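**Q**
Residue numbers (UniProt numbering): 1 to 561.
1) Looking at residue 273 and residue 343, is the spacing between their C-beta atoms short of 8 Å?
2) Rounding to the nearest angstrom, what Cα-Cα distance links residue 468 and residue 500 in this structure?
3) For residue 447, does the three-state DSSP call read helix, strand or coil?
4) Please report how far the alpha carbon of residue 530 lies from the alpha carbon of residue 514, in whole angstroms.
5) Take residue 582 as the anchor and find which of 281, 421, 228 has the nearest alpha-carbon.
6) Assign residue 124 to one of three DSSP states: helix, strand, or coil.
7) Considering just the uninterrupted stretch of the alpha helix (DSSP H) at residue 281, what are its terminal residues?
8) I need the boundaries of the alpha helix (DSSP H) containing residue 192, first residue and last residue.
9) Just verifying my parser: in three-state terms, what is the DSSP assignment at residue 398?
10) According to the Cβ coordinates, are residue 458 and residue 396 closer than 8 Å?
11) Going by C-alpha distance, which of 477, 306, 288, 281 is nearest residue 294?
12) First and last residue of the beta strand (DSSP E) that includes residue 514?
13) Taking the DSSP output, what are the residues bridged to residue 650?
14) Which of the three DSSP states, helix, strand or coil, is assigned to residue 393?
15) Per DSSP, residue 170 is paired with what?
16) Taking the alpha-carbon of residue 387 as reference, which of 399, 362, 196 has the nearest alpha-carbon?
17) Verify whether the separation of the beta carbon atoms of residue 563 and residue 422 is less than 8 Å.
18) Using a 10 Å radius around the Cβ and a threshold of 16 neighbouring Cβ atoms, would you call residue 426 buried or exposed?
19) Mind checking residue 246: buried by the 16 CB within 10 Å criterion, or exposed?
20) Should the stretch 481-494 be called in touch with the stretch 504-522, which here means at least 3 C-beta pairs below 8 Å?
21) Please confirm whether residue 210 and residue 255 have their CB atoms less than 8 Å apart.
22) Roughly how many angstroms separate the alpha carbons of residue 302 and residue 205, rounded to a whole number?
23) Go to residue 226, then tell me how far its alpha helix (DSSP H) extends in each direction, as first and last residue.
24) Mind checking residue 443: buried by the 16 CB within 10 Å criterion, or exposed?
25) By how many angstroms is the C-alpha of residue 383 removed from the C-alpha of residue 85?
26) Decide if residue 374 is buried, meaning its Cβ has at least 16 other Cβ atoms within 10 Å, or exposed.
27) Is the stretch 324-333 touching the stretch 353-370, taking contact as three or more C-beta pairs under 8 Å?
28) Which of helix, strand or coil does DSSP assign to residue 210?
29) Report, in whole angstroms, the separation of the C-beta atoms of residue 536 and residue 509, which I expect to be a contact under 8 Å.
30) Since residue 471 and residue 431 are thought to touch, with beta carbons under 8 Å apart, how far apart are those beta carbons, to the nearest angstrom?
31) Following the continuous alpha helix (DSSP H) through residue 368, name the residue where it begins and the one where it ends.
32) For residue 11, is the classification buried or exposed, using 16 other Cβ atoms within 10 angstroms of its Cβ as the cut-off for buried?
33) What are the complete beta strand (DSSP E) segments, minimum 3 residues, inside the stretch 497-556?
34) Taking the alpha carbon of residue 533 as the point to measure from, which residue in 217, 473, 118, 541 has its own alpha carbon closest?
35) Quick check on this structure: which residue in 542, 539, 544, 503 has the alpha carbon closest to the alpha carbon of residue 526?
36) Can you find the residues in the same chain that come closer than 8 Å, C-beta to C-beta, to residue 150, ignoring five residues on each side of it along the sequence?
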């Protein structure tokens with residue numbers, strides 16, 4: 001790039017990245033000025049009544065919000081220009097000689113492991129997913145206004161990875177969001193069922209978009225390569241493509257407001273699900289006539305696509321104003337939209353993505369479209385059903401025992417995958433003793449659970465009960481996982497229970513974690529804690545249920561070397 005081009009980039013960068021606090025300070029000064037005029041203007045001797053002052057303050061606040069929206073609109077234009085300049089710079093830098101054909105933005109942040117993976121995958125379609133020409137900015141309406149955190153990075157809407165298929169104007173785009181799961185991935189099973197359910201002509205008129213909602217590029221690339229190896233013919237033909245967002249696409253999940261009485265963990269999970277849905281819908285809306293919303297842990301009935309097309313054609317005649325068609329009654333699975341309608345729903349999700357999960361937003365959107373203010377009435381329910389016709393049977397079955405929400409176990413009716421494990425064994429550091437004052441059930445003792453032979457099962461824990469692990473020698477524990485409950489006894493988990501450690505340099509236990517609402521306690525211990533002589537689980541209130549400890553995993557720092 002020329003010196004003038006670099007100068008432009010810097011100029012735009014300075015403009016687009018002016019600290020928000022300067023704008024805020026300006027607004028505050030403006031507010032103070034207007035407030036002074038309001039108070040001392042007019043006669044100058046009589047103060048306005050309190051209610052009038054509140055009205056003026058509210059009006060000023062509205063003006064400030066309006067000015068802030070104008071600021072964001074102008075900044076969006078600058079970001080668009082800046083992203084083009086940065087993209088040009090990434091394609092014309094000497095650093096690319098080492099990392100070609102990958103962009104500078106990624107080359108500077110690539111780990112050694114990722115570089116090795118890319119080198120080993122040279123020439124594969126999976127590796128091409130990181131080439132700049134395949135990474136184009138996502139276009140979605142009003143996105144900077146509704147998701148202002150995206151303005152922190154001019155490339156926030158540019159995917160970090162895209163294994164393109166090249167298909168456009170297909171009949172149906174199938175959107176599958178996927179993330180790392182706690183225990184087991186069902187993605188390959190889902191893809192296998194979806195592909196096997198397509199007839200020959202449907203294989204060429206369908207596009208399956210796998211959206212990997214992770215920012216770990218090693219995981220993304222590994223998953224894409226696994227898809228390419230498992231389904232080489234269908235990746236080659238363009239049936240499957242893989243997409244992953246930039247890390248800057250996600251906000252700081254730790255500052256989200258809690259709603260619906262949910263824990264912060266659940267709020268983070270459902271908020272991210274909504275953001276993933278927005279991204280996937282925004283990308284898919286220009287690729288085909290219809291969009292089918294699925295998840296990564298489902299199986300499909302034989303000839304499902306034929307049934308979908310026949311029902312869609314018939315319903316479009318009998319009920320032309322339908323908003324979505326329902327081919328599965330579980331959550332957000334099996335919902336078919338007209339792609340032209342996605343812009344409305346995706347914008348709605350942008351408005352309320354922090355407030356409720358995606359399946360609730362679907363119901364809320366339907367009610368806002370066809371109901372009066374009384375959204376709980378039978379008439380409202382009738383009107384909603386009129387624009388969401390349901391197929392006579394479910395074409396998709398949910399098979400995911402382990403939710404994408406870490407620690408959560410889901411009940412699955414007639415699991416087609418067969419028996420699932422009731423405990424997870426691990427090799428743990430040697431202990432000199434194991435203690436508990438919870439009554440143990442027959443063969444499910446704490447010792448056998450620690451040794452990986454079964455799970456621990458105890459009778460209703462009471463406040464003050466303990467489960468203790470005393471090591472043979474002071475041990476440097478790096479991380480721990482205690483999982484309670486299992487698929488057969490989901491409610492038999494630890495409630496109101498903390499995890500404690502006793503460092504060798506003290507004689508006291510210190511709290512380092514707690515079991516969450518799903519009965520999972522996991523975390524890492526700081527190096528400063530040093531070697532510990534014991535760990536324990538301490539129950540703080542009586543339980544109505546028995547308790548199962550289905551996984552005990554204590555990793556030492558030696559294990560990680």
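Cβ coordinates follow ideal geometry from the N, Cα and C atoms, glycine included.
Bear in mind that the values here come from a model prediction, so they are computed numbers and not experimental data.
**A** Let me spell this out:
1) No. Outside cutoff.
2) The straight-line gap from Cα to Cα measures roughly 9 Å.
3) Here residue 447 sits in helix by DSSP.
4) So the two alpha carbons sit approximately 20 Å from each other.
5) No answer is possible for residue 582: the residues shown for the chain start at 1 and end at 561.
6) DSSP places residue 124 in coil when its eight states are reduced to three.
7) 264-284 is the span of the alpha helix (DSSP H), which, as asked, contains residue 281.
8) It spans 187-196 - the alpha helix (DSSP H) in which residue 192 sits, taken as one unbroken run.
9) Here residue 398 sits in strand by DSSP.
10) Taking 8 Å as the Cβ cut-off, residue 458 and residue 396 do not qualify as a contacting pair.
11) Nearest option by C-alpha distance: 281.
12) Start and end: 510-514.
13) Residue 650 is absent from the structure shown; the chain starts at 1 and stops at 561.
14) The answer is coil: DSSP assigns residue 393 none of H, G, I, E or B.
15) DSSP links residue 170 through a beta bridge to 288.
16) Relative to the Cα of residue 387, the nearest Cα in the group 399, 362, 196 belongs to 362.
17) Examination of residue 563 is not possible in this model, given that the chain is present from 1 through 561 alone.
18) Flag for residue 426 reads exposed.
19) That one is buried.
20) In short, these stretches touch, since the Cβ pair count reaches three.
21) Contact flag unset, no.
22) Distance between the alpha carbons of residue 302 and residue 205 is about 17 Å.
23) For residue 226, the enclosing alpha helix (DSSP H) begins and ends at 217-230.
24) Exposed, since its Cβ has fewer than 16 Cβ neighbours within 10 Å.
25) Rounded to the nearest angstrom, the two C-alpha atoms are 50 Å apart.
26) Exposed.
27) A contact between stretches requires three or more CB pairs, one per stretch, nearer than 8 Å, and the stretch 324-333 meets this requirement with the stretch 353-370.
28) The answer is strand: DSSP assigns residue 210 an E or B state.
29) Residue 536 to residue 509, Cβ: 6 Å. Contact.
30) Between the beta-carbon of residue 471 and that of residue 431 there is about 6 Å, and that keeps the pair under the 8 Å contact cut.
31) From DSSP, the alpha helix (DSSP H) with residue 368 extends over 358-370.
32) In this predicted model, residue 11 has a pLDDT of only 34, less than 50, meaning its place in the structure is not dependable enough to derive any value.
33) The stretch 497-556 contains these whole beta strand (DSSP E) runs: 497-503, 510-514, 520-524, 532-539, 547-556.
34) When only C-alpha atoms are compared, the closest one is 473.
35) When each option's Cα is compared against that of residue 526, the closest is 503.
36) Cβ neighbours of residue 150 beyond the five flanking positions: 143, 144, 156, 157, 248, 249.
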